[in-house]
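Chemist: Numbering (the numbering used here), first residue to last: 5 to 83.
All residues carry an ideal CB built from backbone N, CA and C; glycine is no exception.
Note that this is a predicted model, so its numbers are computed, not measured.
Take this structure first; my questions come after.
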Amino acid sequence: MAEAKKEYVAPPSVGHEIGVMFGFLGFMLLAMLIYGFVWQAGNKRSQKKEADRVAKLRASGLLREDKQDGVEREPEYRA
Numbered sequence: 005m006a007e008a009k010k011e012y013v014a015p016p017s018v019g020h021e022i023g024v025m026f027g028f029l030g031f032m033l034l035a036m037l038i039y040g041f042v043w044q045a046g047n048k049r050s051q052k053k054e055a056d057r058v059a060k061l062r063a064s065g066l067l068r069e070d071k072q073d074g075v076e077r078e079p080e081y082r083a
């Protein structure tokens, strides 16, 4: 008696598993994009607060005007 060769039949849950996998990848991509926008907004807010703080220090005289880019420059004297 010859045995009949059985063909491979995929389990019925394969489509669901692939859907879950791609759904997860899509969700992670969306989460990364949202996180990037939130991060940028936080950085902009922080930069604005820092610029306001420096402006207040300069206005009060606690921060010299001749400091730029972290390098102290010689004051220019005008006669």
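Leaving out the 5 sequence neighbours to the left and right, which residues in its chain are closer than 8 Å to M25 when beta-carbon positions are compared?
Modeler: Around M25, the same chain offers no residue with a beta carbon nearer than 8 Å, after the five sequence neighbours per side are excluded.
Chemist: Please report the straight-line C-alpha distance between E54 and Y39, rounded to a whole angstrom.
Modeler: 22 Å
Chemist: What does the alpha-carbon distance come out to for the pair G19 and D56?
Modeler: 56 Å
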